[in-house]
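Peer 1: Before I ask anything, here is the structure I am working with.
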Amino acid sequence: MIGTGLGPYQVVAKLGEGGMGQVYRATDTRLKRQVAIKILPAAVAADRERLARFQREAEVLASLNHPNIAAIYGLEESDGLTALVMELVEGEDLSQRITRGAIALDEALPIARQIAEALEAAHEQGIIHRDLKPANIKVRPDGTVKVLDFGLAKALATEGASATAGVSASMSPTMTSPAMTQMGMILGTAAYMAPEQARGKAVDRRADIWAFGVVLYEMLTGRRAFDGEDTTEVLGAVVRLEPPWDALPPTVPARVSQALRLCLRKDPKQRVGDIRDVRLALEGAFETAAPADVAPPPVAAPRSLFARALPAVAAVLVVALGAAVWALWRAETPTNRPLLRLDVDLGAEVAFPNGSGGSTVVISPDGMRLVYVSGTPSRLFTRRLDQSGATELPGTEGAANPFFSPDGQWVGFAVGRTVKKISVDGGAVVPLGDVSAIFAGGSWAEDGSIFVADASGEGLLQLPAAGGTPKVVVARGDVNLVQPQALPGGKALLFCAGNPGTSLDAFTIEVVTLADSRRKILVRGGTSPRYLPSSTGIGHLLYTNRATTFAIPFDVATLETRGTAVPVLDDVAYNPSTGGGQLAVSPSGTVIYRRATRGAAVMTTVQWLDAAGNKEPLRATPGAYQDVRLSPDGTRVALVIRDGSNHDVWVYEARRDALTRLTFGGANAWPAWSLDGQYVVFHKTVQGIFQARADGGSPPHVLVASKTDFYPQSLMPDGKRLAYFTGQGMYSQIWTVPLDDQGGQLKAGTPERFFTSTFSDQHPSFSPDGRWLAYSSDESGRREVYVRPFPSPSTGQGGPSTSLRTGKWQISNSGGTSPQWSRTGRELVYQSGDQLMTVSYTVNGPSFVADKPRVWMASFGGTDWDLAPDGKRVAALIPEGPAQPRQAEHLIVMLQNFADHLRRQVPLTP
7 MIGTGLGPYQ
17 VVAKLGEGGM
27 GQVYRATDTR
37 LKRQVAIKIL
47 PAAVAADRER
57 LARFQREAEV
67 LASLNHPNIA
77 AIYGLEESDG
87 LTALVMELVE
97 GEDLSQRITR
107 GAIALDEALP
117 IARQIAEALE
127 AAHEQGIIHR
137 DLKPANIKVR
147 PDGTVKVLDF
157 GLAKALATEG
167 ASATAGVSAS
177 MSPTMTSPAM
187 TQMGMILGTA
197 AYMAPEQARG
207 KAVDRRADIW
217 AFGVVLYEML
227 TGRRAFDGED
237 TTEVLGAVVR
247 LEPPWDALPP
257 TVPARVSQAL
267 RLCLRKDPKQ
277 RVGDIRDVRL
287 ALEGAFETAA
297 PADVAPPPVA
307 APRSLFARAL
317 PAVAAVLVVA
327 LGAAVWALWR
337 AETPTNRPLL
347 RLDVDLGAEV
357 AFPNGSGGST
367 VVISPDGMRL
377 VYVSGTPSRL
387 FTRRLDQSGA
397 TELPGTEGAA
407 NPFFSPDGQW
417 VGFAVGRTVK
427 KISVDGGAVV
437 PLGDVSAIFA
447 GGSWAEDGSI
457 FVADASGEGL
467 LQLPAAGGTP
477 KVVVARGDVN
487 LVQPQALPGG
497 KALLFCAGNP
507 GTSLDAFTIE
517 VVTLADSRRK
527 ILVRGGTSPR
537 YLPSSTGIGH
547 LLYTNRATTF
557 AIPFDVATLE
567 TRGTAVPVLD
577 DVAYNPSTGG
587 GQLAVSPSGT
597 VIYRRATRGA
607 AVMTTVQWLD
617 AAGNKEPLRA
627 TPGAYQDVRL
637 SPDGTRVALV
647 IRDGSNHDVW
657 VYEARRDALT
667 RLTFGGANAW
677 PAWSLDGQYV
687 VFHKTVQGIF
697 QARADGGSPP
707 HVLVASKTDF
717 YPQSLMPDGK
727 RLAYFTGQGM
737 YSQIWTVPLD
747 DQGGQLKAGT
757 PERFFTSTFS
767 DQHPSFSPDG
777 RWLAYSSDES
787 GRREVYVRPF
797 PSPSTGQGGP
807 STSLRTGKWQ
817 ISNSGGTSPQ
827 WSRTGRELVY
837 QSGDQLMTVS
847 YTVNGPSFVA
857 DKPRVWMASF
867 GGTDWDLAPD
877 GKRVAALIPE
887 GPAQPRQAEH
897 LIVMLQNFAD
907 HLRRQVPLTP
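Each position in the sequence shown, counted from 1, maps to that position plus 6 in the numbering used here.
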């Protein structure tokens, strides 16, 4: 091979060989860089099904984009050889370093942290390494760690093998005999296999966590955690024996030892389940005052810990790091209690509102009760943390943005524009007053006053606790004022200023003194302000910037921040349009938040589906596809393909099985076709609506420039007007813009709002004759499908008209979204839950007459869909394999003693 070429790659040296193939150094003659090339074993290359499966797996693995993961550049085939092209990582592997003895703690922990970050990034995308070991971990001369061969064990396994498959020698890199990978034999290194993996059972991310623990143990001790003279002895030790814990150096902190023990639990149900928790433990997130040389107490199972440590929340919370944390906490002073990270399971039936820009879960001032929004239509539920179930608060249909009274006995909320309250014990709902536009958060002050945000309306308002006429505290001006919080003492109010859809970096956190309405900017580039008090009068101002929460000391007497903001939480769910973070605090020092669901790219295929349940592949190759849209003639598909942080628009032509790329990097989404099929328009984040030729013949150009997010949806049949909606969640509004084809290039006129609404209106769709516009709205308290005449009688959109029609008709009756018109008959199709519904309609003069909706496709199982031109089937994105559990949907993270933790991490200056 040396000296030969493989496509554009010139092989220059052999780097190694193992059961996963021969590895060579090569020069990429196109990009002038050094790469690693892994020549696949003949057994894989000669097996067409196995090779096709490997190619599918490689596409998934190539989506990993992380500084601690060696990148996969692609596959190359030449002269009967198939090769995987990878990033070339210089430096020695960790196994070479360990042969020289134990690694010092100050060197081992940074290495372990980087390995954990790599695993965390992969696990977020549903990718398991399956073969983590020191030989697959390289440390570059600058200290950067790169984890190699992610997922290749699964990619190269035979179809008949289990996901874990096989047995290999204790310390060999991999088996070199293809036969040894057959019949359930384990592919990998026995010394690092989890017990369930050694038994040939199915594995999940907990097998990687076990392997991580073994690697960390070996770094700290310089010896094997599980040893033996042959594979049988090694596997026996893995399954039955404990590592020699007394070999750990006495300098290893108790928190590290505790995390290590939780990684190496034999039973995966007893093992820590998220590598993120291990990483945080190693970084000191769970640090206690125990001396480093005190051996940790025997570790009880997390279930026993749970029953012993938190009797008030038995069967409710799962404690992340074991009994030692609680035991040490009991010995601490009240101001130096360790952080306890707990998961509160609200139950799989919980369904939070999609795209909510406000709070969906709040915690009572004493930290003992949750109130959350769930269901369709949305309703309020309350859950005491010493109870295992939640109770619905009756009469709260359509509720949004709950907030507690200072005594924890009442909950304020809004239904549409009306602010209401209800006792946490139930009873009558009490109306308090109305906002003029959109309710965007509330806060209950100590004196009983209620402050509410009237987004896109009057600004910040004050209501008496008993109800009455709102009083304007801060006028809106040109920018929405949202997310208020009353500060202790009743003299000032925190709030956020910013318009939805604009860059979140332009939002500001401000404070206003109520006596004179004087405003002051505290933070630029922040949303969702929360104040966590202390006994000194100087507490912490918490705020979010996208998924990260920051803390900065804040003096409520002077209304000044002190020092520098420090990131204290990540992975907090937020609304990308409004920046609203799903995080709440209680004065008792407890914080709760919902996890962000970013990272996991769902792998799908594009399938034709019809009402009879028949499936036909349209694009069978799996990919991280989104936003599927059929061309007007149904022969091409515009879709978005996710690659790491990039979301690009492509056009797929089934006849040629060819993909044409229209964008190159950035966040692009929501493609829509021109009626002649020549152009694709699409959204580009914080830049506006763009147009590109569908054949890729010219670069994209701006159609409608805007820093507000515009989501193109539908063009009129004559191609002269585009409908789109702005923003997300509660702020979405429908607009249209005239288009003019000037010599093969579209030009946009002045955008016009379709109709004025204080609700969230989305998914506009023009009828085939251009006389009607269907859309979805949450005006009833849940999203339903409606139809209005076009042009709008309120705006006269679409040019001069002598007979503008009025009216609005609700089409769906059990929830509905994403309406689409059949071009061949009088039918409207929309989605309701996991069903596709169809409605026949007639037009009687100026009236739109819709029949009763009926199920067209039950449980179609797709992540997105588009109606075919003949109206008889849809092109749908169908997930590959079982759907991943939506953990963030029903697990709430609770951080007890967070105020104490902040005082250690972000000291309060005097």
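Positions of the beta carbon are idealized from the N, C-alpha and C atoms, including for glycine.
Only a predicted model underlies this, so the values are computations on that prediction, with no experimental measurement involved.
Taking contact to mean 3 or more Cβ pairs, one atom from each stretch, closer than 8 Å, check whether the stretch 445-463 and the stretch 414-434 are in contact.
Peer 2: Output reads yes: the stretch 414-434 touches the stretch 445-463.
Peer 1: Taking the runs of the beta strand (DSSP E) that are 3 residues or longer, which of them lie wholly in the stretch 804-862?
Peer 2: DSSP runs (the beta strand (DSSP E)) wholly in the stretch 804-862: 823-827, 833-838, 841-850 and 853-856.
Peer 1: Select from P250, F560, G483 and L842 the residue whose C-alpha is nearest the C-alpha of G504.
Peer 2: Selected option, being the one with the closest Cα: G483.
Peer 1: Give the DSSP bridge partners of F716, in chain order.
Peer 2: DSSP lists T732 as partners of F716.
Peer 1: Within the continuous beta strand (DSSP E) that includes V912, where are the two ends?
Peer 2: Looking at the DSSP string, V912 is not in any beta strand (DSSP E), and its letter there is neither H nor E.
Peer 1: Can you list, in chain order, the residues of its chain with a C-beta nearer than 6 Å to that of P116? Leave out the 5 residues immediately preceding and following it.
Peer 2: Result list for P116: empty, nothing under 6 Å.
Peer 1: So, for G473: in the same chain, excluding its five sequence neighbours on each side, which residues have a beta-carbon less than 8 Å away from its beta-carbon?
Peer 2: Answer for G473: V436, P437, L438 and G439, listed in chain order.
Peer 1: Is the stretch 245-254 in contact with the stretch 222-229, if contact means three or more CB pairs nearer than 8 Å?
Peer 2: Output reads yes: the stretch 222-229 touches the stretch 245-254.
Peer 1: Please confirm whether N407 and F445 have their CB atoms less than 9 Å apart.
Peer 2: The answer is yes: Cβ separation under 9 Å.
Peer 1: Does the beta-carbon distance from G868 to T627 come in below 9 Å?
Peer 2: No, these two residues do not count as a Cβ contact at 9 Å.
Peer 1: With which residues is D872 paired in a DSSP beta bridge?
Peer 2: The partner list for D872 (beta bridge, DSSP) reads A881.
Peer 1: Taking all protein chains shown into account, decide if F670 is buried (16 or more other Cβ within 10 angstroms of its Cβ) or exposed.
Peer 2: It counts as exposed.
Peer 1: Using the rule of at least 16 other Cβ atoms within 10 Å of the residue's Cβ for burial, across every protein chain shown, is S720 buried or exposed?
Peer 2: S720 should be labelled buried.
Peer 1: Do the CB positions of S824 and Q837 come within less than 9 Å of each other?
Peer 2: Yes, the Cβ-Cβ distance between S824 and Q837 is below 9 Å.
Peer 1: Looking at the unbroken alpha helix (DSSP H) that takes in A393, where does it start and where does it end?
Peer 2: Per the sequence shown, the amino acid found at residue 393 is Gln instead of Ala. Neither: Q393 is in no alpha helix (DSSP H) and is coded neither H nor E.
Peer 1: Could you check what DSSP says for A521 in three-state terms: helix, strand or coil?
Peer 2: A521: coil per DSSP, three-state reduction.
Peer 1: Could you give the uninterrupted runs of the beta strand (DSSP E) lying entirely in the stretch 519-585, keeping only those of 3 residues or more?
Peer 2: DSSP runs (the beta strand (DSSP E)) wholly in the stretch 519-585: 524-530, 533-538, 544-551, 554-561 and 572-575.
Peer 1: Taking the alpha helix (DSSP H) that G242 belongs to, which residues open and close that run?
Peer 2: T237 to R246 is the span of the alpha helix (DSSP H), which, as asked, contains G242.
Peer 1: The beta strand (DSSP E) spanning V284 covers which residue range?
Peer 2: Taken as a continuous stretch (DSSP letters only), V284 belongs to no beta strand (DSSP E), being part of the alpha helix (DSSP H) at I281 to L288.
Peer 1: When the Cα atoms are used, what is the spatial distance from R662 to E82?
Peer 2: Cα to Cα, R662 sits roughly 21 Å from E82.
Peer 1: Reducing DSSP to helix, strand and coil, say where P250 ends up.
Peer 2: The answer is coil: DSSP assigns P250 none of H, G, I, E or B.
Peer 1: Once DSSP output is grouped into helix, strand and coil, what is the label at M900?
Peer 2: Of the three classes helix, strand and coil, the one that applies to M900 here is strand, per DSSP.
Peer 1: Under a Cβ-count criterion, where at least 16 other Cβ atoms within 10 Å of its own Cβ denotes burial, should E130 be classed as buried or exposed?
Peer 2: Buried: at least 16 other Cβ atoms inside 10 Å.
Peer 1: With burial defined as no fewer than 16 other Cβ atoms inside 10 Å of the residue's Cβ, what is the status of E289: buried or exposed?
Peer 2: Exposed, by the Cβ-count rule.
Peer 1: Report yes if the CB atom of W827 is closer than 9 Å to the CB atom of A856, and no otherwise.
Peer 2: Result no, Cβ atoms of W827 and A856 do not sit closer than 9 Å.
Peer 1: For a quick check, are the C-beta atoms of Y658 and R648 less than 9 Å apart?
Peer 2: Cβ distance not < 9 Å, so Y658 and R648 don't count as in contact.
Peer 1: Provide the residue span of the beta strand (DSSP E) that contains H769, from first to last.
Peer 2: Residues D767 to F772.
Peer 1: Could you compute how far the alpha carbon of Y717 sits from the alpha carbon of H707?
Peer 2: Using only the alpha carbons, I get a separation of about 16 Å.
Peer 1: How is G595 classed by DSSP in three states: helix, strand or coil?
Peer 2: In the structure shown, G595 sits in coil (DSSP, three-state: anything other than H, G, I, E or B).
Peer 1: Flag this pair as yes or no: are the beta carbons of R211 and G279 separated by less than 9 Å?
Peer 2: Yes, these two residues count as a Cβ contact at 9 Å.
Peer 1: Under the DSSP definition of a beta bridge, which residues are partnered with R277?
Peer 2: In DSSP, R277 forms no bridge with anything.
Peer 1: State whether the stretch 592-602 contacts the stretch 524-531, with contact taken as three or more CB pairs (one from each stretch) at a distance under 8 Å.
Peer 2: Counting Cβ pairs under 8 Å, fewer than three are found: no touch.
Peer 1: Taking all protein chains shown into account, decide if K878 is buried (16 or more other Cβ within 10 angstroms of its Cβ) or exposed.
Peer 2: Exposed: under 16 other Cβ atoms inside 10 Å.
Peer 1: So which of L94, A124, I134 and R536 has the shortest CA-CA distance to L500?
Peer 2: Per the Cα distances, R536.
Peer 1: I need the DSSP call for T105, collapsed to helix, strand or coil.
Peer 2: Looking at T105 - three-state DSSP - the assignment turns out to be coil, as it is neither helix nor strand.
Peer 1: Which class does L115 belong to by DSSP, given the choice of helix, strand or coil?
Peer 2: Correct three-state label for L115: helix.
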